[in-house]
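Data block below; observations after.
Protein chains: 2
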Amino acid sequence: MLKEKKGMAVNKLEYSQIQCKNRLSSTEDALYVLGGRWTIRVMIAILGGHTRFNDIQRTLKGISAKMLSSELKKLEVNLLVERNVYADQTPVVVEYVPTEYSQSLKDIITALAQWGAQHKRKITSDDN
Amino acid sequence: MLKEKKGMAVNKLEYSQIQCKNRLSSTEDALYVLGGRWTIRVMIAILGGHTRFNDIQRTLKGISAKMLSSELKKLEVNLLVERNVYADQTPVVVEYVPTEYSQSLKDIITALAQWGAQHKRKITSDDN
DNA sequence: TATAGTAGTTACATTAAAGTAAGTAGTAAC
DNA sequence: GTTACTACTTACTTTAATGTAACTACTATA
Chain Y
1 MLKEKKGMAV
11 NKLEYSQIQC
21 KNRLSSTEDA
31 LYVLGGRWTI
41 RVMIAILGGH
51 TRFNDIQRTL
61 KGISAKMLSS
71 ELKKLEVNLL
81 VERNVYADQT
91 PVVVEYVPTE
101 YSQSLKDIIT
111 ALAQWGAQHK
121 RKITSDDN
Chain D
129 MLKEKKGMAV
139 NKLEYSQIQC
149 KNRLSSTEDA
159 LYVLGGRWTI
169 RVMIAILGGH
179 TRFNDIQRTL
189 KGISAKMLSS
199 ELKKLEVNLL
209 VERNVYADQT
219 PVVVEYVPTE
229 YSQSLKDIIT
239 ALAQWGAQHK
249 RKITSDDN
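Chain order of the listed sequences is Y and D. Residue numbering for the first sequence follows the working numbering, beginning at 1 and increasing consecutively. Residue numbering for the second sequence follows the working numbering, beginning at 129 and increasing consecutively.
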């Protein structure tokens, strides 16, 4: 057992033990899907109206065709994007469109983007 | 220029071009800090009242001392945790407490945890 | 006939992230 | 005097993630 000493934090817990365990396992599940270097960025590009392979690749400066291809497959099996092929067109056109379900990511993307922007300001402005 | 063809997505954009660019760069900044395998989990453990090295390590089944040590340093330089040493105690006690600023992560953690839990149910329940 | 655009795939190489195991230093209990 | 606890660090190894470059197949344009 922990003895409390003067000065030591007196555990004003943010999460209960059960909440802590639940959050740990749930965020693990989320990051298993979203946690790569490119996954969320691909999703943002698609939500931003870039629905075609080369368009996405141009938007996400630096991603290789190989990575983009595997990310798109992952997003598809996770029901976040839908792949539509228009074979009648020349050259063939393939479209990746955000699913209705992908709307569920908006809270995460918004929270991440806001925090990222604000944190950069905080860290950059010689601290304190 | 893109010609619209029957059936093709008619770009009901979620984000404008500028929003898209901003979100891409802001989430990149966020993930630079939070994007590791352990970072968010360490933060959840600390917010859950596990403030000491070995306690955190026990809570986060699988993390090595090396990783935990480097994660804690990263969180410290990013002003998310504060390191307090109680050298008078034997053996010496070191405490990692969440800063006031770390409250800013709550939206992200909540959004991730909720999405992760819900997504697991969605994917597990033989789809559709 | 060569070049460019569509959307990828493949084999191979490299880099970055993370794990392993042992060691450090001080005290205290057995 | 050996084991155990605290909180780590160090050197080395392995695994996972990502990158590179070339290639496929079809059509169109110069």
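For glycine and all other residues, C-beta sits at the position ideal for the given N, C-alpha and C.
The region 223-254 of chain D is shown to contain whole alpha helix (DSSP H) runs of 4 or more residues at 234-252, in chain order. Three or more Cβ pairs closer than 8 angstroms define a contact, and the region 112-120 of chain Y meets that threshold against the region 149-162 of chain D. Neighbours of T155 of chain D in chain Y, taken as residues at a C-beta separation under 8 angstroms, are given in chain order as I40, R41, I44, I109, L112, A113 and G116.
Chain order gives the chain D residues near S104 of chain Y as W243, Q246 and H247, where near means a beta carbon separation below 8 angstroms. Rounded to the nearest angstrom, the gap between the Cα atoms of L105 of chain Y and K201 of chain D is 30 angstroms. When the five nearest sequence neighbours on each side are left out, the beta carbons in the same chain lying within less than 7 angstroms of the beta carbon of T99 of chain Y are those of L79, L80, V81 and E82, in order along the chain.
If the five residues before and after R23 of chain Y are omitted, its C-beta is found closer than 8 angstroms to the C-beta atoms of Y15, all from its own chain and listed in chain order.
Taken in chain order, the members of the region 199-227 of chain D whose beta-carbon sits within less than 8 angstroms of a beta-carbon on chain Y are N206, L207, N212, Y214, Q217, V221, E223, V225 and P226.
Think of a sphere of 7 angstroms around the beta carbon of L13 of chain Y: the chain D residues whose beta carbon falls inside it are G176 and G177, in chain order. Assigned with DSSP and collapsed to three states, N150 of chain D falls in helix. Not a single CB atom of chain Y sits nearer than 8 angstroms to the CB of R186 of chain D. Rounded to whole angstroms, the gap between the alpha carbons of E95 of chain Y and T59 of chain Y is 15 angstroms. The Cβ of A30 of chain Y sits closer than 8 angstroms to at least one Cβ of chain D. Within the same chain, E95, Y96 and V97 come within 6 angstroms of T51 of chain Y by CB-CB distance, once the 5 residues on both sides are set aside.
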